[in-house]
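In my numbering, the protein residues as written are 29 to 317. The beta-carbon is built from N, C-alpha and C at its ideal position, and this holds for glycine as well. None of these values were measured; they are calculated from a predicted model. Encoded as structure tokens, the structure appears first; notes follow it.
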Amino acid sequence: CDRSIIRTQIPEDYWATIRFYAREYMDREKDIVRDKNRITSYLETTLPEFVGIFPNPLGMSGRACLRVLANFREAIKEDRNHFEKHIRDHLSGKRLMISRVRRLYDMLQRGDALGLRAGRQAMFRRIINSLDRLEMYERQQDAAKQSLLDSYEKSEYKQHLDSIWGTTPTVNALVLGFMGDPASYDGSSSLVKLAGCDPVPNESGKFKGKTSISHRGRNLLRKAGDRISFLLEKRNSVFRAFFNHLLSQQKNRLTKRQARVACVNKYFRIVWVLCNHQVPFNPALASAL
Numbered sequence: 029c030d031r032s033i034i035r036t037q038i039p040e041d042y043w044a045t046i047r048f049y050a051r052e053y054m055d056r057e058k059d060i061v062r063d064k065n066r067i068t069s070y071l072e073t074t075l076p077e078f079v080g081i082f083p084n085p086l087g088m089s090g091r092a093c094l095r096v097l098a099n100f101r102e103a104i105k106e107d108r109n110h111f112e113k114h115i116r117d118h119l120s121g122k123r124l125m126i127s128r129v130r131r132l133y134d135m136l137q138r139g140d141a142l143g144l145r146a147g148r149q150a151m152f153r154r155i156i157n158s159l160d161r162l163e164m165y166e167r168q169q170d171a172a173k174q175s176l177l178d179s180y181e182k183s184e185y186k187q188h189l190d191s192i193w194g195t196t197p198t199v200n201a202l203v204l205g206f207m208g209d210p211a212s213y214d215g216s217s218s219l220v221k222l223a224g225c226d227p228v229p230n231e232s233g234k235f236k237g238k239t240s241i242s243h244r245g246r247n248l249l250r251k252a253g254d255r256i257s258f259l260l261e262k263r264n265s266v267f268r269a270f271f272n273h274l275l276s277q278q279k280n281r282l283t284k285r286q287a288r289v290a291c292v293n294k295y296f297r298i299v300w301v302l303c304n305h306q307v308p309f310n311p312a313l314a315s316a317l
């Protein structure tokens with residue numbers, strides 16, 4: 029029986045695979061953000077001027093400098109040429125931001141660097157450990173992304189999702205991975221509820237508060253929908269017009285956050301129609317949904 033509990037509760041191999049890759053991609057992204065924040069926090073504690081010289085301390089030049097500063101006591105004793113050479117050795121052939129490196133060298137030579145001096149050598153060891161983890165997570169995320177896109181390429185729904193202007197294959201693959209087979213849902217409202225974006229009343233007795241979304245279902249699908257909404261707001265004229273209309277209408281004017289949720293719900297409804305009716309994105313149809 030097509031509607032048996034075995035079929036509906038246990039995903040087929042393809043849908044389980046693409047969901048696992050999507051989850052791996054998002055998990056590694058969370059790890060990357062955590063270690064980036066940790067490194068920035070350590071730098072602001074022990075050598076805050078580094079962040080002033082390198083506004084993006086985890087760019088390629090910034091990372092190379094951090095690896096040289098791991099041996100902090102030896103690094104500050106080097107002359108400028110050796111200092112720059114050691115940084116280039118860690119740069120993997122990328123272009124070095126030489127003016128910023130020289131500003132860093134001059135700051136270290138003055139000996140008046142701000143920040144916590146006690147334990148600075150040990151703190152830089154912690155920074156390098158975090159940087160090693162960060163680069164490991166980045167490699168793992170790249171591998172998960174490639175596997176996710178390879179699985180997405182095999183989907184019969186790829187052409188329909190990619191037909192929506194302004195989206196990217198990676199975000200479409202995340203949506204498909206967390207959503208599962210669109211044909212398994214009875215209607216477009218099911219996708220909205222699955223993502224926890226359906227509005228629920230906030231009432232009790234005579235009290236009537238502002239309506240909010242349910243936050244039930246799959247939170248990662250909701251996060252993927254949030255990413256889609258930002259892309260569509262910038263790149264898709266249909267969604268941009270819808271978004272601006274919600275912000276400017278005289279009656280029941282929405283906030284930006286509420287308008288983006290409405291765009292996410294509209295996107296899910298469009299996805300269900302495109303995938304179940306096997307049609308490409310059509311602006312006229314999209315405006316009606």
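| field | Residue closest to Gly224, alpha-carbon to alpha-carbon, out of Met164, Asn84 and Lys251 | value | Out of Met164, Asn84 and Lys251, Lys251 has the C-alpha closest to the C-alpha of Gly224.
| field | Beta-carbon contacts of Gly205 that lie in its chain and below 6 Å, excluding the five residues immediately before and after | value | Same-chain partners within the cutoff: Ile46, Arg47 and Ala50.
| query | To the nearest angstrom, how far is it from the Cα of Glu112 to the Cα of Asn99? | reply | Distance between the alpha carbons of Glu112 and Asn99 is about 14 Å.
| query | How would you label His305, buried or exposed, when you count the other beta carbons within 10 angstroms and need 16 or more for buried? | reply | The residue in question, His305, is exposed, as its Cβ has fewer than 16 Cβ neighbours within 10 Å.
| task | Verify whether the separation of the beta carbon atoms of Leu119 and Ala92 is less than 8 Å. | result | Their beta carbons are under 8 Å apart, which means Leu119 touches Ala92 by this criterion.
| message | Suppose you measure from the CA of Arg161 to the CA of Ile192; what does that come to, to the nearest Å? | response | About 36 Å.
| query | With distances taken between CB atoms, is the gap from Leu249 to Val203 smaller than 8 Å? | reply | In contact: Leu249 and Val203 (Cβ atoms closer than 8 Å).
| request: Return helix, strand or coil for Pro83, following the three-state DSSP convention. | output: Residue state, collapsed to three classes: coil.
| task | Taking only beta-carbon positions, decide if His188 is within less than 8 Å of chain B. | result | Absent here is chain B; the protein component of the structure consists of one chain.
| Among residues of its own chain, excluding the 5 on either side of Ala44, which ones have a beta-carbon nearer than 7 Å to its beta-carbon? | Within the same chain, Ala44 has no close Cβ partners at all.
| request: Determine the direct distance from the alpha carbon of Ala269 to that of Arg285, and round the result to whole angstroms. | output: Here the alpha carbon of Arg285 sits roughly 16 Å from the alpha carbon of Ala269.
| query | Applying the criterion that 16 or more other CB atoms from any shown protein chain within 10 Å of the CB defines a buried residue, is Ser212 buried or exposed? | reply | Exposed: under 16 other Cβ atoms inside 10 Å.
| query | CB-CB under 7 Å to Ala314, same chain, minus the five flanking residues each way: which ones, in chain order? | reply | Val266 and Ile298, listed in sequence order.
| said: Taking the beta carbon of Leu312 as the centre, do at least 16 other beta carbons fall within 10 Å, making it buried, or is it exposed? | reply: Residue identity check: residue 312 is Ala in the sequence provided, not Leu. Counting Cβ neighbours within 10 Å, Ala312 comes out exposed, since fewer than 16 surround it.
| task | Check Ser240 in the structure and name its three-state DSSP category. | result | DSSP places Ser240 in strand when its eight states are reduced to three.
| request: Decide yes or no for the touch test of the stretch 179-197 against the stretch 52-68: beta carbon pairs closer than 8 Å, at least 3 of them. | output: The stretch 179-197, when compared against the stretch 52-68, does not touch it at the 8 Å Cβ threshold.
| Range covered by the alpha helix (DSSP H) that runs through Thr196 | No alpha helix (DSSP H) holds Thr196; DSSP gives it neither H nor E.
| Count the other CB atoms within 10 Å of the CB of His243; is the residue buried (16 or more) or exposed (fewer)? | Sixteen is the threshold: since fewer than 16 other Cβ atoms of the shown chains lie within 10 Å of the Cβ of His243, the residue is exposed.
| field | Delimiting residues of the alpha helix (DSSP H) encompassing Cys93 | value | Where Cys93 is concerned, the enclosing alpha helix (DSSP H) stretches over Met88 to Leu97.
| request: State yes or no: is the C-beta of Phe82 within less than 8 Å of the C-beta of Ser89? | output: In this structure, Ser89 lies closer than 8 Å to Phe82 by Cβ.
| Ser127, DSSP secondary structure in three states | Note: Ser127 maps to helix in three-state DSSP.
| task | For the alpha helix (DSSP H) containing His273, list its first residue and its last residue. | result | Where His273 is concerned, the enclosing alpha helix (DSSP H) stretches over Ser265 to Ser276.
| Which of helix, strand or coil DSSP assigns to Ser32 | With a pLDDT of only 44 at Ser32, under the threshold of 50, the placement of this residue in the model should not be trusted, and no figure is reported.
| Leaving out five residues before and five after Ser183 in sequence, what residues of the same chain have Cβ atoms less than 7 Å from its Cβ? | These residues qualify, in order along the chain: Leu204.
| Using a Cβ-Cβ cut-off of 6 Å (strictly less than) and excluding sequence neighbours within five positions of Asn200, which residues of its own chain qualify? | Closer than 6 Å at Cβ, skipping near neighbours: Leu189.
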